[in-house]
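Engineer: Sending over a structure as structure tokens; questions will come in a sec.
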Amino acid sequence: MSTQSDLLKTPEVANVCGCTVNTVLKYARELSIIDDLIRNRRGDYYFTTEQVGKIKNYVWSFEKN
Numbered sequence: 053m054s055t056q057s058d059l060l061k062t063p064e065v066a067n068v069c070g071c072t073v074n075t076v077l078k079y080a081r082e083l084s085i086i087d088d089l090i091r092n093r094r095g096d097y098y099f100t101t102e103q104v105g106k107i108k109n110y111v112w113s114f115e116k117n
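The numbering of the sequence shown is our numbering, which starts it at 53 and goes up by one.
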């Protein structure tokens, strides 16, 4: 299991992917990974490196078109 230090919070993922927080969450839903995310009591989502990669590729696939 990943520790929180291995994970990125939603704003950090948005920064890496070059999009907004809302876009990250939208794509996480579209890619059906939203339910696999770790969530703390405040409602912050945490993404693994693999999940960040999936979203990043998804974002970039739209930029190419």
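We treat Cβ as the ideally placed atom computed from N, Cα and C, and that holds for glycine.
Have a look at Glu64, Asp58, Val68, Leu59 and flag the residue whose alpha-carbon is nearest the alpha-carbon of Asn109.
Structural biologist: Within the sequence shown, residue 109 is the residue found at index 57, counting from 1. Taking only the C-alpha atoms, the option nearest Asn109 is Val68.
Engineer: What number of angstroms, rounded off, separates the C-alpha of Lys106 from the C-alpha of Leu83?
Structural biologist: Translated into positions along the sequence shown, residue 106 becomes position 54. Translated into positions along the sequence shown, residue 83 becomes position 31. Their Cα atoms are separated by approximately 8 Å.
Engineer: Of all the options Arg91, Phe114, Tyr98, Arg94, which has the alpha carbon lying nearest to the alpha carbon of Glu64?
Structural biologist: The count along the sequence shown starts at 1 and reaches residue 64 at position 12. Selected option, being the one with the closest Cα: Tyr98.
Engineer: DSSP on Leu60, reduced to helix/strand/coil?
Structural biologist: Translated into the one-based positions of the sequence shown, residue 60 becomes position 8. Three-state DSSP puts Leu60 in a strand.
Engineer: Report yes if the C-beta distance between Val104 and Leu77 is below 8 Å; otherwise report no.
Structural biologist: By one-based count along the sequence shown, residue 104 stands at place 52. By one-based count along the sequence shown, residue 77 stands at place 25. Cβ atoms of Val104 and Leu77: not closer than 8 Å.
Engineer: Gly96 to Val111, Cα distance in whole Å?
Structural biologist: On the sequence shown, residue 96 is found 44 positions in, with the first residue counted as 1. On the sequence shown, residue 111 is found 59 positions in, with the first residue counted as 1. It should be noted that the sequence gives Asp, not Gly, for residue 96. So the alpha carbons of these two residues sit roughly 21 Å apart.
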